[in-house]
């Protein structure tokens with residue numbers, strides 16, 4: 104037997120009516136689903152057990168056969184096979200249609216495959232399918248050519264007869280009119296009465312002539328149409344078609360609806376059509392060649408896949424297994440059903456009504472209307488809403504058709520086949536875990552218990568807290584106190600994988616050692632945020648559990664976050680401290696009042712060790728950032744020639760050294776490896792990045808991870824202790840800004856005057872004004888930067904690299920400067936105000952151009 108899970112390829116093709124009947128286990132004849140009293144499926148209905156299999160394992164409908172020993176027997180009373188109920192997920196049925204219908208995918212899709220194949224416009228195709236026009240399917244050209252002289256003679260005679268009849272009728276009426284007028288005159292009738300009678304008679308004669316002329320014209324039209332009649336010709340006039348059929352029915356065949364298309368497809372020669380189209384492509388030009396190319400693509404596709412075009416017109420419709428379109432009872436005794444059942448019910452009702460009308464020999468117009476309704480019902484079943492208004496259920500909700508089950512994000516392919524759901528996984532919102540080590544993550548207790556449930560249950564049995572797996576499961580579900588202790592034991596040395604979508608590079612999924620935390624949010628280490636591109640504004644992450652020993656080893660060795668410090672893009676560390684950590688380390692390593700190195704002399708004290716300096720700091724005798732002399736125990740590597748060593752001889756002999764530094768810098772160096780060079784300068788972001796880069800190149804990953812954790816802890820601690828706050832008063836506008844602007848305004852006025860005199864062109868004026876105001880903006884920016892005190896929090900944040908840059912500060916505290924219009928051209932008048940002062944209405948309007956353009960470009 105074939106195993107459906109292992110295959111080389113999968114080909115989707117057109118199912119013919121024979122294929123559908125072959126798949127089917129029986130015909131669905133009734134629209135009923137289940138009996139309202141017994142709640143059992145109705146016979147020959149949409150849930151029939153005889154067709155689709157039993158609803159209970161190893162039990163037939165009537166109950167004659169029960170138990171597995173009767174496996175495979177078909178009950179002679181109810182006709183149900185004794186087998187498993189799960190066959191109701193596999194067995195299909197079918198509906199035999201009273202009239203063929205067209206597959207909506209193939210005539211309404213873009214491009215219309217049926218239209219390209221038959222060389223019919225989609226508009227015309229729709230008219231045929233929905234009984235608005237007749238299609239000529241065959242024409243006996245030879246017989247027509249042979250009999251045409253006879254036909255012409257007959258028609259000529261008939262026309263002559265009609266003309267003679269017309270003339271005779273008009274003459275009779277004329278005589279009657281004259282007699283009436285003579286009688287009225289003899290009676291002495293008034294002139295207006297005689298006039299009315301005359302006008303009435305003339306009107307009747309005119310109508311006779313018009314009626315006769317119309318009949319003659321219709322006869323000519325019928326003959327002309329017959330003379331030019333060709334296969335695939337559309338006749339939209341029903342009266343004309345009937346006249347043609349009555350007079351010349353033996354020379355041609357035609358019809359409406361899918362039946363007409365079926366006749367065309369039956370005689371369609373794919374090979375001959377492909378050859379004809381290739382010839383057209385070779386010799387044709389322009390639109391004709393283009394259409395032939397498109398048609399050949401469809402014809403060749405049918406030839407290559409060996410699909411039969413007859414599959415586009417259906418004689419029967421497949422009914423999918425009932426367990427894939429279930430009907431379930433709700434609490435209130437009502438039923439919830441799949442939309443497909445309603446759509447199938449519409450098809451069956453209309454099909455049965457059409458069969459009854461055909462049996463009764465109903466008029467053609469009624470039968471055609473019912474056929475059109477059947478076509479629309481099948482269209483709605485296959486693809487509801489593709490043509491016209493969709494069929495709706497309760498609350499005007501469009502019903503979900505077979506196509507809706509397949510297409511889109513929630514469809515079978517993307518949701519179930521491509522989008523896998525993984526066992527032993529969960530997802531939650533992420534929050535920062537500043538207390539975590541680089542290789543750790545905080546896992547909520549409830550989530551961890553669910554993830555590690557089988558491991559916890561096994562361990563409970565091993566430790567004899569539970570007698571069997573069932574009681575262990577009960578203990579876990581009731582969250583007994585012992586369960587949490589066992590969970591702590593189980594998660595030790597069992598890494599988990601954290602993934603943040605979108606996973607754009609290797610570091611989008613990393614392994615961590617879980618730490619149990621309260622709450623429902625996953626905690627992650629601040630330094631791995633860059634790798635995940637994560638922030639804490641509501642981001643979610645998925646957690647996966649590696650099960651096998653190999654998977655766990657791979658997670659621990661290859662994927663552990665402390666082993667993935669370097670970026671695969673450029674080889675530089677991706678776990679460098681940022682923001683608060685940078686600010687804290689800058690505060691720690693800077694001098695008092697953030698003064699420049701050359702401006703500060705050490706005080707007159709010398710401390711024998713770092714411990715003594717810390718004691719002095721605790722007692723308030725030494726500032727964290729005061730320059731002093733501290734004796735170091737270990738011999739540090741020389742950092743640079745400018746290091747202020749007291750005793751080079753001592754250094755050469757390996758003795759402890761006294762160095763001019765601050766307590767903060769000594770504390771910073773404590774976070775670095777013991778044998779790393781002594782860092783004796785202020786450390787903004789770029790310097791910190793260089794240090795981390797250096798560490799990653801020279802030290803093992805374990806030591807680098809430990810150092811990064813120490814730097815993180817120091818950064819957060821000292822950022823808090825620094826107490827850096829920001830207020831509106833910290834945004835200081837330079838006092839001489841107006842003076843600078845006035846000076847440049849005069850230069851701009853000179854340029855304007857030169858332009859008005861005609862000395863320079865408009866383009867030169869623009870360029871010079873842009874140059875002037877660019878210089879003005881730069882000068883204001885320089886003045887603003889010089890005006891900031893070094894203790895200003897805004898200056899500290901920018902200078903340390905923690906957040907922002909001088910360009911942003913310039914717009915807040917200096918001036919916005921020149922901006923571009925929507926065309927991308929620079930407007931030569933600058934925005935002189937900054938955001939601290941507030942923009943004028945005109946300045947605000949000019950500055951919104953960029954924002955609006957950005958939104959338009961994004962859209």
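In our numbering, the protein residues as written are 104 to 962. Even for Gly, the Cβ is constructed at its ideal location relative to N, Cα and C. All figures in this text were calculated on a predicted structure; none of them were measured in a lab.
Would you mind giving the Cβ-Cβ distance between residue i and residue j, rounded to the nearest angstrom? I have them listed as a contact below 8 Å.
i           : j           : result
residue 451 : residue 131 : 7 Å
residue 834 : residue 915 : 5 Å
residue 695 : residue 726 : 6 Å
residue 533 : residue 713 : With a Cβ gap of about 38 Å, residue 533 and residue 713 do not count as contacting.
residue 691 : residue 767 : 4 Å
residue 782 : residue 794 : 7 Å
residue 276 : residue 257 : The pair is not a contact, with the Cβ atoms about 29 Å apart (cut-off 8 Å).
residue 183 : residue 164 : 5 Å
residue 247 : residue 354 : 5 Å
Tell me, which residues are paired with residue i by DSSP?
i           : result
residue 544 : 617
residue 169 : 162
residue 598 : BP columns for residue 598 are empty, so no partner.
residue 730 : 765
residue 357 : 239
residue 417 : 204
residue 710 : 733
residue 530 : 645
residue 144 : 137
residue 127 : 195
What number of angstroms, rounded off, separates the C-alpha of residue i from the C-alpha of residue j?
i           : j           : result
residue 748 : residue 763 : The predicted model places residue 748 with a pLDDT of 38, which falls under 50 and marks its position as unreliable, so this point remains unresolved.
residue 294 : residue 323 : 43 Å
residue 864 : residue 931 : 14 Å
residue 580 : residue 152 : 39 Å
residue 626 : residue 503 : 41 Å
residue 408 : residue 116 : 8 Å
residue 123 : residue 370 : 22 Å
residue 907 : residue 920 : 18 Å
residue 168 : residue 128 : 20 Å
residue 596 : residue 647 : 15 Å
residue 947 : residue 891 : 26 Å
residue 537 : residue 640 : 16 Å
residue 315 : residue 243 : 31 Å
residue 945 : residue 902 : 33 Å
residue 432 : residue 189 : 19 Å
residue 958 : residue 223 : 44 Å
residue 956 : residue 926 : 9 Å
residue 657 : residue 633 : 23 Å
residue 421 : residue 198 : 6 Å
residue 472 : residue 298 : 51 Å
residue 174 : residue 161 : 7 Å
residue 810 : residue 905 : 20 Å
residue 245 : residue 330 : 12 Å
residue 399 : residue 392 : 10 Å
residue 499 : residue 518 : 26 Å
residue 745 : residue 792 : At residue 745, the pLDDT of 35 sits below 50, so the modelled position is not reliable; the number obtained from the coordinates is stated separately. One C-alpha to the other measures close to 21 Å.
Let me make sure I understand the geometry here. Which of the options has the alpha-carbon closest to that of residue i?
i           : options            : result
residue 900 : 934, 712, 873, 687 : 687
residue 950 : 941, 958, 922      : 922
residue 484 : 952, 204, 947      : 204
residue 797 : 158, 825, 669, 710 : 669
residue 799 : 135, 222, 232, 665 : 665
residue 440 : 430, 447, 403      : 430
residue 411 : 392, 220, 474, 386 : 220
residue 138 : 127, 129, 150, 128 : 150
residue 417 : 517, 405, 120      : 120
residue 352 : 880, 332, 435      : 332
residue 846 : 837, 876, 672      : 876
residue 929 : 230, 872, 602      : 872
residue 207 : 194, 225, 885      : 225
Using a Cβ-Cβ cut-off of 7 Å, state whether residue i counts as contacting chain D.
i           : result
residue 694 : The structure shown contains no chain D; it holds only a single protein chain.
Between residue i and the ligand MN, is the CB less than 6 Å from at least one heavy atom?
i           : result
residue 817 : Among the components modelled here there is no ligand, and therefore nothing to report on the ligand MN.
Runs of alpha helix (DSSP H) lying entirely within the stretch 202 to 226, each at least 4 residues, in chain order:
207 to 211, 216 to 221
Every unbroken beta strand (DSSP E) inside the stretch 225 to 287 [3 residues or more]
237 to 242
Sequence ranges, alpha helix (DSSP H) only - wholly within the stretch 450 to 509, length at least 4:
467 to 486, 505 to 509
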